[in-house]
Amino acid sequence: MVRIIHCADFHIGATFPVNGDKFRETLIDDFNRLVSLCIDKDIDILLIAGDLFDSNRVWGISLSTVIDGLRRLSENGLKCFILPGTHDKLTKDSIYQQLPKISNVFIFGLDCDYYYDDTTGIYITGNAYKGEDVGKRALRGLSPREDARFNIALAHASIEGGLVSGDDMLISDEEMKKSGFDYIALGHWHRFNIVRGQKPIAIYPGSIEPLSRDQRETGNVILVEIDNGETKYTPIRIGKLKVKNISIELKGEDKTNEIIETIKEYKDENIILNLKLNGTIKPTEEIDFDGIKDICHSDFFAISITKDALEVITDEIPSDIPKDSVLGRFFEKVQAKIKEAKDEREKNYWKDVLIEGIRLTRRH
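Counted from 1, the sequence shown has number 224 at position 224 by full-length UniProt numbering; the numbering is strictly sequential.
What follows is the structure, encoded as structure tokens:
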């Protein structure tokens, strides 16, 4: 039996909108966990299908962790194959040009274009992303080896006909079907996705951590087991962070406390919490959003609060605001702006102005 781990899109060195340093540390921990997993499970081959690094400008502990990890794999007899992707493309100033030579570690486009293992009969190939590959076919020029027991292609690319970004190499289902490969190790898209469940099997493992607040189905590597002509694949989760989306319908009088109590139910330092507020609120009701984040931020990796769906009642001036007062006249003017708004975005802007104006006035 041959045991392979397929991963992609680690983006070592990446940051997050908040807790950037902690996020980089999490990626370092993830890579160390990957190395330990490969050693503990007696893996023969590690495939990294692009964007191991977030850019070609990664240094310090992030870079040294990768180098040390690759050396550990080599010392334990594992072979590692790395395909440069769109973020760590193989250019003259590529980070891969700076890596020390490590036995059993092969970088496509730099150390090799293909590799054949006489012992296992496994053939591996791939096209490194070199910066001028936008729109090119990811499998161009690649073909299986006829005498190999198992043929693998690595491709850092988008599926033609689906979502495609501006710097992508492309691959189609028809190309994969006719390629003759047994397994296509995909990378580039950050959501776990079994593109093909039959020969050739083609899988996106997804990014190892969410790289934005809305990325879900991340954190997996793929264990590929080849035995007597049969191939099994199993996702293994090694990522830490999870995105959690929750919605609250505000009903009570003390809305700030209502939000805090609901948030606390999901307390987990590895959760990226996206909170959407629904319901109605009077312009004179104050929700302390900064206070909510201050109280709850240590319970989560990150918190974001969306209040676009929170309807501010602006039809009438609240009874406790005299119409002939400065605040009353301010209310009427902003109320008119809300009615004249051309779209929801402008309307929400003026509603925020109204709430903030009332809040500031009442604090002075």
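Note that the Cβ used here is the ideal one computed from N, Cα and C, for glycine as well.
Check                                                                                                       : Outcome
Check whether I287 and T314 have beta carbons under 8 Å apart                                               : no
Stretch pair the segment 291 to 303 + the segment 320 to 336: three plus CB contacts closer than 8 Å        : no
N- and C-terminal bounds of the alpha helix (DSSP H) containing K232                                        : Looking at the DSSP string, K232 is not in any alpha helix (DSSP H); the run it does join, the beta strand (DSSP E), is E230 to R237.
From G69, G13 and T26, residue whose alpha carbon lies closest to that of C38                               : G69
Outcome for G162 when other beta-carbon atoms lying within 10 angstroms are tallied against a minimum of 16 : exposed
Reduced DSSP secondary structure (H/G/I, E/B, other) of R140                                                : coil
Short Cβ contact (8 Å threshold) for H190 with G206                                                         : yes
Buried versus exposed call for L170 [16 or more other C-beta atoms within 10 Å across all chains shown]     : buried
Continuous alpha helix (DSSP H) assignments of at least 4 residues falling wholly in the segment 262 to 349 : 289 to 296 and 326 to 340
Inside the segment 4 to 75 only - beta strand (DSSP E) runs reaching at least 3 residues                    : 45 to 48
Straight-line gap, T15 to S94 (C-alpha atoms, nearest Å)                                                    : 20 Å
Meets three-Cβ-pair contact criterion under 8 Å: the segment 241 to 248 and the segment 268 to 278          : yes
Proximity test, Cβ basis, 8 Å: E146 and chain C                                                             : Structure shown: chain C not included; a single protein chain is present.
CB of H87 within 8 Å of CB of F53, strictly                                                                 : yes
Alpha carbon of D254 to alpha carbon of E285, nearest angstrom                                              : 9 Å
Nearest candidate by alpha-carbon position, reference K79, set N56, E356 and Y123                           : Y123
Span separating the alpha-carbon of L310 from that of T280                                                  : 6 Å
Pick from I317, A155, I238 and I159 that is closest to L26, judged by C-alpha positions                     : With the sequence shown as reference, residue 26 is identified as Thr, and Leu is not the correct amino acid for it. Ranking I317, A155, I238 and I159 by Cα distance to T26 puts I238 first.
Test item: CB-CB of F31 and V66 under 8 Å                                                                   : yes
Rounded straight-line distance, which links the Cα of I305 to that of N228                                  : 53 Å
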